[in-house]
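Please read the structure below before turning to the comments.
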Amino acid sequence: MKHWQLNREDSGIVVAVLDRAGESTNALSAEVMAELAQILDQLDLHPPAGLIVRSAKAAGFIAGADIGEFSQLDTPEKGRALVARGWDLFNRLAAVSYPTLALVRGHCLGGGLELALACRYLLAVDEPGTKMALPEVMLGIFPGWGGMLRLPQRVGPAAALDMMLTGKGIDAKRARRMGLADDCVPPRVMEMAARQLLLAKQP
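Following the numbering used here, the residues of the sequence shown are numbered contiguously, the last one being 1461.
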């Protein structure tokens, strides 16, 4: 794959690492999303003990959708297809039989946060660069890949509306207090904490 790396550990956990080729920041381009669908296809055949989704970029987790591709949306049909692609893919991720965890370090914005919300667990890394937000309102659009439904389920309608209508971000500690993150840990223990959280929830 061009943008994702898959590693299956002895514990049975699979780590999917997003490292968008040729870019300093991760964004959810059409290629990135298509490869994620391929990953889910592979894992359907050989389900893991759990799936960790993380970033290889120093700049953060995922900055959101690839805004550069928005210029290609010159018909309503193309716009609807873009929304449906993310909606269907993240619904599929949310419905897998194995536990999933988003390991969020650095910025996690827009579609990136919607991807994290589609995972069963969200582990936030407590450092100054970690920030979660749904800034779509700044572009005059809304979180169309399931975030507008999943965020209220996690944090309640009032807090969710505040995030969606203002676009303001929250740090790791506040995400934990709100219930957006299942836990908030320092960088030195993030790898161990992610695996413990996944495996501790096994039946």
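Beta carbons are placed, not taken as given, at the ideal position from N, Cα and C, and that holds for glycine. Note that the structure is a prediction, hence the values are computed from the model and not measured.
Buried versus exposed call for residue i [16 or more other C-beta atoms within 10 Å across all chains shown]
| i | result |
| --- | --- |
| Asn1284 | buried |
| His1304 | exposed |
| Met1450 | exposed |
| Glu1385 | exposed |
| Met1396 | exposed |
| Arg1453 | buried |
Cβ shell of residue i (< 7 angstroms), same chain only, five flanking positions each side left out
| i | result |
| --- | --- |
| Gly1280 | none |
| Gly1427 | Lys1389, Met1390, Ala1391 |
| Val1443 | Leu1381, Val1383, Asp1384, Ala1451 |
| Val1413 | Met1436, Gly1437, Leu1438 |
Test item: CB-CB of residue i and residue j under 8 angstroms
| i | j | result |
| --- | --- | --- |
| Gly1387 | Gly1368 | no |
| Ile1310 | Cys1366 | no |
| Gly1425 | Phe1348 | no |
| Met1291 | Gly1344 | yes |
| Leu1351 | Leu1298 | yes |
| Leu1286 | Asp1324 | yes |
| Tyr1379 | Leu1359 | yes |
For residue i, three-class secondary structure by DSSP
| i | result |
| --- | --- |
| Asp1384 | coil |
| Asp1441 | strand |
Neighbourhood of residue i by C-beta distance below 8 angstroms, restricted to the same chain and skipping five residues each side
| i | result |
| --- | --- |
| Asp1277 | His1261, Trp1262, Gln1263, Asn1284, Ser1313, Ala1314, Lys1315 |
| Gly1270 | Pro1306, Ala1307, Gly1308 |
6 angstroms Cβ shell around residue i - same chain, five flanking residues per side excluded
| i | result |
| --- | --- |
| Asn1265 | Val1273 |
Ordered list of alpha helix (DSSP H) runs contained in the segment 1296-1374, each at least 4 residues:
1334-1352
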